[in-house]
Amino acid sequence: MSDLKPRILLHSLNIRPIAQPYGPKGWGPSFSYTLRGQLPSGTQLFTHLDNPDGSEWLTLTNDVNEQGPDDFVNVSAATCDDGLTTDQVGAFPFRIRMVSELEGVDEVLYAGKLVIERTADWNERKQIFRARNDWQLGWGSVQIDLGSDLDAPRLHATMWAGGGAQSHQMAAYLFFNGKKLFSSEVREQIDVSTLLTAPHSDGNGGCTEFAIEVKTARAYINGSYGDMDQWHDLSKHPGKYELKMTREKKLDRTLAFEIGADGKLVSTGFTEFALGTGARMHAPVKVVGKFDDGLDPAASPSAPWYGQAPGESMLTIADLYAQMPAPAAAPSGPSPEVLELIEKSAGRADTIAGWFWDDMQKPGQPIPQCEACIRYIDEAMPKLDELIAKLPAGETVKYRGAQATPQAVKEAMLALKAFAQGQIDGRAQAANDRAALYRAVLKLDKLRIFEDRPAGDYRYYTSGKREIQTPEELAQAGGWYFEGSADQGLITEKWTVKGFKFDADGKLLETIESSAFGTNAPSSAFP
883 MSDLKPRILL HSLNIRPIAQ PYGPKGWGPS FSYTLRGQLP SGTQLFTHLD NPDGSEWLTL
943 TNDVNEQGPD DFVNVSAATC DDGLTTDQVG AFPFRIRMVS ELEGVDEVLY AGKLVIERTA
1003 DWNERKQIFR ARNDWQLGWG SVQIDLGSDL DAPRLHATMW AGGGAQSHQM AAYLFFNGKK
1063 LFSSEVREQI DVSTLLTAPH SDGNGGCTEF AIEVKTARAY INGSYGDMDQ WHDLSKHPGK
1123 YELKMTREKK LDRTLAFEIG ADGKLVSTGF TEFALGTGAR MHAPVKVVGK FDDGLDPAAS
1183 PSAPWYGQAP GESMLTIADL YAQMPAPAAA PSGPSPEVLE LIEKSAGRAD TIAGWFWDDM
1243 QKPGQPIPQC EACIRYIDEA MPKLDELIAK LPAGETVKYR GAQATPQAVK EAMLALKAFA
1303 QGQIDGRAQA ANDRAALYRA VLKLDKLRIF EDRPAGDYRY YTSGKREIQT PEELAQAGGW
1363 YFEGSADQGL ITEKWTVKGF KFDADGKLLE TIESSAFGTN APSSAFP
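In short: position in the sequence shown from 1, add 882, done, that's the working numbering.
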């Protein structure tokens, strides 16, 4: 399915207040979302946020590259810098614009309202704000994970919970016609993990979106598997289903869906693309528990989807099931030239998926691995495009143990690339957020030296070889030291220490260097 019009994936739109613990009072906005669709050359994305009275507040800018109609890009924009924060509360109108002066494009992609209030423990010295997105608690989603196995895709779902919920507190259970089938208390059946967080401005509490993977419920099953006798084939069991989630052993919320007589999901409304999982069908969630810290989806101060109706679905349930594997091609098959192209394109894509797919689904992957994943996919993409152009319509190729169209292989590669890029972007954002805590308290030469040696990449010591742990300690220390080693060849080791002495304002007074043979520097080298 291709749609030239770029659209924001609603399930990815996450807006919340942020603040610096040691920075200016008040809060600033943090926007993150995934954009799918064709982007013109020279595109800039502008996020405008107004004050509750309608006056202009601030604009955040993102530069993005042009992309095709089936491509995705992850976007994040945030600020809580001095002069760009506010202590106002209320409904803040926002709009996200796509602008290309080069191609004469100026279009509003999304508009809504962000509702902010002070938390119950807000006071003059403890200013904590939260987004009142109560409606998130009343919506979840049902997904068929085509990325896991096209011949036996797993059932996925999502639900939000408030009150700073943690994954270890939550458990999930699948019911069919009132009877329990599977439980996350059995590791092989259901897995519950954190997908998105929307904390308060101090980074605590707030709402959490949980991903529920039902490993033993499959949308359909093509072929034979060694453990399939323990699976539940949804296509062969039409009826009423319910996912129930508990928090600390108490029923918290439920999500209902239905499999029709045709063995397919019955639509509950808005359906959109989802990275790596084919499609995401939104479904209402019934909140049962009282754990959500005053949030109430039935009395939401902001309408669903930040005050804007989701609009026309990006794809239908029929589109989703249309991606089921087609029968194997006749033995006559493609020409030798096309077979060679298949090996260099789909075969290469299958190898890349084998190297990276499972790893890229896990958080915290090493940046070099993510960069390698993106590089290999970029190298394979021209051959995939060539295969799509040359292979007759309806022909499929082998990919990840199943048959898939070359276009489906390309989309899987783009999804994998987006996952890898998301890991890189997330690590970069986390490092920037961590550095912001230090920049807020460091001045003059201390700030300059810190930018060259960011905390986390370097270990800071002060006098007596005492390790510095916090931004405040770093700001107050009169001396900074860094320990290293010099390569002397064979088995000889030599330690080195470089130090900096500062005055009370953070101005550099002197630089100290020392070294000697040995494994570790003594405390006397840190005067």
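Cβ atoms here follow ideal geometry from the backbone N, Cα and C, with glycine treated the same way.
Treat the numbers as computed from the prediction; the structure is a model and nothing was measured.
Backbone secondary structure at Ser1083 - three-state DSSP: Position 201 of the sequence shown, counted from the start, is the residue given in the question as residue 1083. Coil at Ser1083, not helix or strand.
Status (buried if at least 16 other CB within 10 Å, exposed otherwise) for Leu895: On the sequence shown, residue 895 is found 13 positions in, with the first residue counted as 1. Buried is the call here.
DSSP three-state assignment for Leu1326, whether helix, strand or coil: Here residue 1326 corresponds to residue number 444 of the sequence shown, with the count starting at 1. Leu1326: helix per DSSP, three-state reduction.
Alpha-carbon to alpha-carbon, Leu921 and Glu985: In the sequence shown, the residue the question calls residue 985 occupies position 103. In the sequence shown, the residue the question calls residue 921 occupies position 39. One C-alpha to the other measures close to 10 Å.
Ser1033 versus Asn1059, Val1074, Ala1101, Ser1066, residue with shortest Cα-Cα distance: One-based indexing of the sequence shown puts residue 1033 at position 151. Note that residue 1033 corresponds to Asp in the displayed sequence, not to Ser. Per the Cα distances, Ala1101.
Bridge partner(s) assigned by DSSP for Asn1399: For this step, residue 1399 is matched to residue 517 along the sequence shown. Going by the sequence as given, residue 1399 is Phe instead of Asn. DSSP, once it has assigned bridges, lists Lys1376 as partnering Phe1399.
Own chain partners of Gly1105 with C-beta closer than 7 Å, once the 5 adjacent residues on each side are dropped: Taking the sequence shown and counting its residues from 1, one reaches residue 1105 at position 223. So the list reads Asp1033, once near-sequence residues are dropped.
For Ile1094 and His1038, believed in contact at Cβ under 8 Å, the rounded distance: On the sequence shown, residue 1038 is found 156 positions in, with the first residue counted as 1. On the sequence shown, residue 1094 is found 212 positions in, with the first residue counted as 1. Going by Cβ atoms, the distance from His1038 to Ile1094 rounds to 7 Å, so yes, they are a contact pair.
Beta-bridge pairing of Ser894 - partner residues as DSSP gives them: For the purposes of this step, residue 894 is taken as the residue at position 12 of the sequence shown. Partner(s): none; Ser894 has no beta bridge.
From Gly1346, Ala1312, Ser1345, residue whose alpha carbon lies closest to that of Pro1336: By one-based count along the sequence shown, residue 1336 stands at place 454. Nearest of Gly1346, Ala1312, Ser1345 to Pro1336, Cα basis: Ala1312.
Pick from Leu1133, Thr1393, Tyr915 that is closest to Trp1362, judged by C-alpha positions: Position 480 of the sequence shown holds residue 1362. Trp1362 has its Cα closest to that of Thr1393, out of Leu1133, Thr1393, Tyr915.
Any beta strand (DSSP E) of 3 or more consecutive residues that is wholly inside the segment 1292–1317: none
Proximity of Lys1299 and Ala1228 at Cβ, strictly below 8 Å: For the purposes of this step, residue 1299 is taken as the residue at position 417 of the sequence shown. For the purposes of this step, residue 1228 is taken as the residue at position 346 of the sequence shown. No, Cβ-Cβ distance for Lys1299 and Ala1228 is not below 8 Å.
For Gln1190, the nearest candidate out of Tyr992, Asp1027, Gly1366 (CA to CA): Reading the sequence shown from its first residue, position 308 is the one you call residue 1190. Ranking Tyr992, Asp1027, Gly1366 by Cα distance to Gln1190 puts Tyr992 first.
In DSSP terms, what Asp1240 is bridged to: As a first step, residue 1240 must be located in the sequence shown, where it is residue number 358. Paired residues: none, contrary to the question.
Presumed contact (8 Å Cβ cut-off) between Lys1380 and Leu1391, rounded CB distance: Position 498 of the sequence shown holds residue 1380. Position 509 of the sequence shown holds residue 1391. 15 Å between Cβ atoms; not a contact.
Separation of Ala1204 from Glu1130, as counted between CA atoms: Taking the sequence shown and counting its residues from 1, the one referred to as residue 1130 is at position 248. Taking the sequence shown and counting its residues from 1, the one referred to as residue 1204 is at position 322. Straight-line measurement puts the Cα of Ala1204 at about 40 Å from the Cα of Glu1130.
Residue from Ala1302, Gly1020, Ile1010, Asp1232 whose Cα sits closest to the Cα of Pro1288: Reading the sequence shown from its first residue, position 406 is the one you call residue 1288. Pro1288 has its Cα closest to that of Asp1232, out of Ala1302, Gly1020, Ile1010, Asp1232.
Integer Cβ distance of Asp1175 from Gly1087, believed to fall under 8 Å: What you label residue 1175 is simply residue 293 of the sequence shown in a count that begins at 1. What you label residue 1087 is simply residue 205 of the sequence shown in a count that begins at 1. So it is a contact: roughly 7 Å between Cβ atoms.
Spatial neighbours of Ala1407 in its chain, beta-carbon cut-off 7 Å, leaving aside the 5 residues before and after: For the purposes of this step, residue 1407 is identified with residue 525 of the sequence shown, where counting begins at 1. So the qualifying residues of the chain are Val1379, Ser1396.
Ala1211 versus Leu1273 - alpha carbon distance: Residue 1211 sits at position 329 when you count from the first residue of the sequence shown. Residue 1273 sits at position 391 when you count from the first residue of the sequence shown. Here the model assigns Ala1211 a pLDDT of 45, short of 50, so the residue's position is not dependable and the matter cannot be decided.
Whole-Å CB distance - Tyr1343 paired with Glu1375, under 8 Å assumed: To locate residue 1343, count along the sequence shown from 1; it is residue 461. To locate residue 1375, count along the sequence shown from 1; it is residue 493. Incorrect: roughly 19 Å between the Cβ atoms, too far for contact.
CB contact flag (Trp1187, Leu931, <8 Å): Against the sequence shown, residue 1187 aligns to sequence position 305. Against the sequence shown, residue 931 aligns to sequence position 49. Against a cut-off of 8 Å, the Cβ pair of Leu931 and Trp1187 comes out as no contact.
Element boundaries [alpha helix (DSSP H), containing Ile1270]: For the purposes of this step, residue 1270 is identified with residue 388 of the sequence shown, where counting begins at 1. Note, Ile1270: alpha helix (DSSP H), 1249–1272.
Euclidean distance between Cα positions of Cys1089 and Pro911: By one-based count along the sequence shown, residue 1089 stands at place 207. By one-based count along the sequence shown, residue 911 stands at place 29. Cα atoms of Cys1089 and Pro911: separation of roughly 16 Å, rounded to the nearest angstrom.
Alpha carbon of Asp1073 to alpha carbon of Gln1112, nearest angstrom: Taking the sequence shown and counting its residues from 1, one reaches residue 1073 at position 191. Taking the sequence shown and counting its residues from 1, one reaches residue 1112 at position 230. Between Asp1073 and Gln1112, the C-alpha separation is close to 16 Å.
C-beta contact flag for Leu1056 and Gly1160 at 8 Å: Walking along the sequence shown from the start, residue 1056 turns up at place 174. Walking along the sequence shown from the start, residue 1160 turns up at place 278. Their beta carbons are not under 8 Å apart, which means Leu1056 does not touch Gly1160 by this criterion.
Residue-level contact to chain B via CB, Tyr1055, 8 Å cutoff: Within the model displayed, chain B is absent; a lone protein chain is all it includes.
For Leu1112, three-class secondary structure by DSSP: Mapped onto the sequence shown, residue 1112 falls at position 230. The residue asked about is misnamed: residue 1112 is Gln in this sequence, not Leu. It is helical.
Touching by the beta-carbon criterion (3+ pairs, under 8 Å), the segment 1041–1057 and the segment 1125–1145: yes
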